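Q: Let me give you the structure first, and then I'll get to my questions.
2 protein chains.
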Amino acid sequence: MTPRHEAQHDREQAKRDAVLDAALDAFVQHGFVGASTDLLAARAAVSKQTLYKVFGDKRGVFSALVQRACDAVVDPFAALTSTMESAESGEVAVRSLARQFTQALANPHIQRLRRLVIAEAPRFPELAQMYWESGFGRTIVSLAACLEVLDRRALLTVPDPERAAHHLAGLLLWIPSNRAMFDPAAAVMAGDELDLVVEDGVRVFTRAYAPVD
Amino acid sequence: MTPRHEAQHDREQAKRDAVLDAALDAFVQHGFVGASTDLLAARAAVSKQTLYKVFGDKRGVFSALVQRACDAVVDPFAALTSTMESAESGEVAVRSLARQFTQALANPHIQRLRRLVIAEAPRFPELAQMYWESGFGRTIVSLAACLEVLDRRALLTVPDPERAAHHLAGLLLWIPSNRAMFDPAAAVMAGDELDLVVEDGVRVFTRAYAPVD
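Those sequence lines, one after another, are chains A and B.
Our numbering applies: residue 3 is where the first sequence begins, and numbers increase by one.
Our numbering applies: residue 3 is where the second sequence begins, and numbers increase by one.
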């Protein structure tokens, strides 16, 4: 692209992102059915024509939201594979995985989309499926690949890496994710409070999957 | 109550339950906003007048749904406290807890209500709060009380019983609960498949919280 085209592309991307951010807010606040395209356009400060042109219809906006979230999960653990190869202990390795994982998932944006996808899954099963496989599923596969390295290095004993990845995810996210879902007024867990959940999860996971003597 | 009054009470209770079951279906299928009181009345085969008389309005129906689910959690683990006192090992005790727990929570009725509560939490924070504290929270407190017994008997080492209860819940429910939320077409996990998740969760939890030598 020429610099001029590139700048235009960036502007379009930024505008698209702003529309999607506003749409997520409106969907979560009013429900998918309750949020009209008039409201979406007003919140995003664009015309309804622009909205239709870019996304087709309201369904298209929702689909683009899920797609964007899935695209953002570009193997966030890829960089961690080398950490797995060099970590001096299972606990150190699991701690770095756990921090990366909770940082990626315990954020307000992801938690709001999670709420919307769960709410609309009966009406949009294909979008829930996409979120499940391309978002959630990919992080489990990446986690499992990291745990396999630790098993090979005999730092942990992990007979079923995918099941173990779910265990680690459950230990780390069960508390913050449920609180985000059932107490939307509370801030998404962060800082010292999240650190404590992560540390406890790391300790429990590492002990459960410690090498068998 | 006289037998005649009792029979009438039972009939009213059964009718009320049938209306709530139909309402939960309609809410999950069409969303809270999308399910009109006309639809709720038609699905439940009652008049709109009856619906208004019994529940006030649509909000009242939703509130009654959450209340019913919370009432059903009448300390399902109370009967297990004696099991905790007599179990011959930590693993046996945790297995009986885990089976009771997943049986209570991994059922289609609870999972559909869970979806509805998550969907509507931004608009009905007080109902999400009720579900969280009176439903979810009570099971965690009961689980924690059971784990405390096992710690006292030195079958496990449980420094923070409530945190440990969340860990057990996460290990057992993370997989079936997420699948139920994101793949609503799939049947709620049960039978051999659920047994495997429970067995793996029990093994991991018991090893992580094994007595410190």
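Idealized CB from N, CA, C, for every residue including glycine.
From a predicted model like this one, the values you see are computed outputs, not experimental measurements.
Within the chosen definition, does the region 171-179 of chain A reach the region 167-187 of chain B through at least 3 CB pairs nearer than 8 Å?
A: Judged by Cβ distances under 8 Å, the region 171-179 of chain A makes contact with the region 167-187 of chain B, as three or more pairs qualify.
Q: Below 7 Å on C-beta distance, what does H169(B) contact in chain A?
A: By 1-based counting over the second sequence, the position of residue 169(B) is 167. Residues of chain A passing the Cβ test: L173 and V206.
Q: Measuring straight from C-alpha to C-alpha, what distance separates E122(B) and L129(B)?
A: Here residue 122(B) refers to the residue found at position 120 when the second sequence is read from its first residue. Here residue 129(B) refers to the residue found at position 127 when the second sequence is read from its first residue. Cα to Cα, the separation comes out at about 9 Å.
Q: Name the residues in the region 84-118 of chain B whose C-beta lies less than 7 Å from a C-beta of chain A; which are they?
A: Those residues of the region 84-118 of chain B that come within reach of chain A (Cβ to Cβ, closer than 7 Å) are R117.
Q: Is the Cβ-Cβ distance between V30(B) and L107(B) less than 9 Å?
A: For the purposes of this step, residue 30(B) is identified with residue 28 of the second sequence, where counting begins at 1. For the purposes of this step, residue 107(B) is identified with residue 105 of the second sequence, where counting begins at 1. Cβ atoms of V30(B) and L107(B): not closer than 9 Å.
Q: Rounded C-beta distance between V204(A) and V96(A)? I'm assuming under 8 Å.
A: Within the first sequence, residue 204(A) is the residue found at index 202, counting from 1. Within the first sequence, residue 96(A) is the residue found at index 94, counting from 1. Correct: roughly 5 Å between the Cβ atoms.
Q: Let me make sure I understand the geometry here. Which of E87(B), A66(B), P124(B) and L82(B) has the alpha-carbon closest to that of A28(A)?
A: Residue 28(A) sits at position 26 when you count from the first residue of the first sequence. Out of E87(B), A66(B), P124(B) and L82(B), P124(B) has the C-alpha closest to the C-alpha of A28(A).
Q: Starting from the C-beta of V206(B), find all residues in its chain whose C-beta is less than 8 Å away, skip the five residues before and the five after it, and write them out in chain order.
A: Sequence index remark: in the second sequence, residue 206(B) carries index 204 (1-based). For V206(B), where only same-chain residues beyond five positions count, the Cβ hits under 8 Å are L173.
Q: For chain B, find out if any of its Cβ atoms is closer than 9 Å to the Cβ of V190(A); answer yes or no.
A: Walking along the first sequence from the start, residue 190(A) turns up at place 188. No, its Cβ sits nowhere closer than 9 Å to a Cβ of chain B.
Q: Given a cut-off of 9 Å on the beta-carbon distance, is the pair T83(B) and V151(B) in contact?
A: Sequence index remark: in the second sequence, residue 83(B) carries index 81 (1-based). Sequence index remark: in the second sequence, residue 151(B) carries index 149 (1-based). Contact flag set, yes.
Q: Work out the CA separation of G193(B) and M132(B) for me, nearest whole Å.
A: The residue you call residue 132(B) lines up with position 130 of the second sequence. The residue you call residue 193(B) lines up with position 191 of the second sequence. For M132(B) and G193(B), the distance between alpha carbons rounds to 30 Å.
Q: Given a cut-off of 9 Å, decide if L99(A) and C148(A) are closer than it, judged by their beta-carbon atoms.
A: As a first step, residue 148(A) is located in the first sequence; it is residue number 146 there, counting from the start. As a first step, residue 99(A) is located in the first sequence; it is residue number 97 there, counting from the start. Closer than 9 Å, so yes.
Q: Distance, Cα to Cα, P110(A) vs K60(B)?
A: Within the first sequence, numbered from 1, the residue matching residue 110(A) stands at position 108. Within the second sequence, numbered from 1, the residue matching residue 60(B) stands at position 58. Going from the Cα of P110(A) to the Cα of K60(B) covers about 29 Å.
Q: Please report the residue range of the alpha helix (DSSP H) in which W176(A) lies.
A: Locating residue 176(A) in the first sequence gives position 174, counting from the first residue. Start and end: P163 to F184.
Q: Relative to the C-alpha of Y211(A), which candidate in A166(A), V200(A) and V190(A) has its C-alpha closest?
A: Taking the first sequence and counting its residues from 1, the one referred to as residue 211(A) is at position 209. Among A166(A), V200(A) and V190(A), the Cα nearest to that of Y211(A) is on A166(A).
Q: Count the other C-beta atoms from every protein chain shown that fall within 10 angstroms of the C-beta of R154(B), then say buried if there are 16 or more, exposed otherwise.
A: As a working mapping, residue 154(B) is identified with position 152 in the second sequence. Its Cβ having fewer than 16 others within 10 Å, R154(B) is exposed.
Q: List the residues of chain B that Q31(A) touches, going by C-beta distances under 7 Å, in chain order.
A: As a position in the first sequence, residue 31(A) is number 29, starting the count at 1. The contacting residues are P124.
Q: Would you call the region 31-45 of chain B in contact with the region 8-20 of chain B, where contact means no fewer than 3 C-beta pairs closer than 8 Å?
A: Contact between the region 31-45 of chain B and the region 8-20 of chain B is absent, because fewer than three Cβ pairs lie under 8 Å.
Q: D23(A): which of Q10(A), D185(A), A44(A) and A9(A) sits nearest, CA to CA?
A: Residue mapping note: residue 23(A) aligns to position 21 of the first sequence, counting from 1. When each option's Cα is compared against that of D23(A), the closest is A44(A).
Q: Would you kindly check if the distance between the Cβ of A66(B) and the Cβ of F57(B) is under 9 Å?
A: One-based indexing of the second sequence puts residue 57(B) at position 55. One-based indexing of the second sequence puts residue 66(B) at position 64. Contact: yes.
Q: Measuring straight from C-alpha to C-alpha, what distance separates P216(A) and I142(A)?
A: Only positions 3 to 215 of chain A appear in the structure, and residue 216(A) is not among them; the question remains open.
Q: Got a sec: is the Cβ-Cβ distance from P127(B) to anything in chain A below 9 Å?
A: What you label residue 127(B) is simply residue 125 of the second sequence in a count that begins at 1. So, interface residue.
Q: In terms of residue numbering, what span does the alpha helix (DSSP H) encompassing A9(A) cover?
A: Locating residue 9(A) in the first sequence gives position 7, counting from the first residue. Start and end: P5 to G36.
Q: Distance cutoff 9 Å, beta carbons only. Does F64(B) sit that close to anything in chain A?
A: Here residue 64(B) is taken as the residue at index 62 of the second sequence, counted from 1. Not an interface residue.
Q: Give a yes or no on whether 9 Å exceeds the smallest Cβ distance from F138(A) to chain B.
A: Within the first sequence, numbered from 1, the residue matching residue 138(A) stands at position 136. Yes, because at least one Cβ of chain B sits closer than 9 Å to the Cβ of F138(A).
Q: Tell me whether M191(B) sits in a helix, a strand or coil according to DSSP, three-state version.
A: Here residue 191(B) is taken as the residue at index 189 of the second sequence, counted from 1. The answer is coil: DSSP assigns M191(B) none of H, G, I, E or B.
Q: Please name the residues in the region 132-160 of chain A whose beta-carbon is closer than 8 Å to at least one beta-carbon of chain B, in chain order.
A: Under the 8 Å Cβ criterion, the region 132-160 of chain A contributes Y133, W134 and F138.
Q: Which residues mark the beginning and the end of the alpha helix (DSSP H) in which A44(B) is found?
A: Within the second sequence, residue 44(B) is the residue found at index 42, counting from 1. Start and end: T39 to A46.
Q: Quick one: give me the first and last residue of the alpha helix (DSSP H) that Y54(B) is part of.
A: Within the second sequence, numbered from 1, the residue matching residue 54(B) stands at position 52. K50 to F57 is the extent of the alpha helix (DSSP H) around Y54(B).
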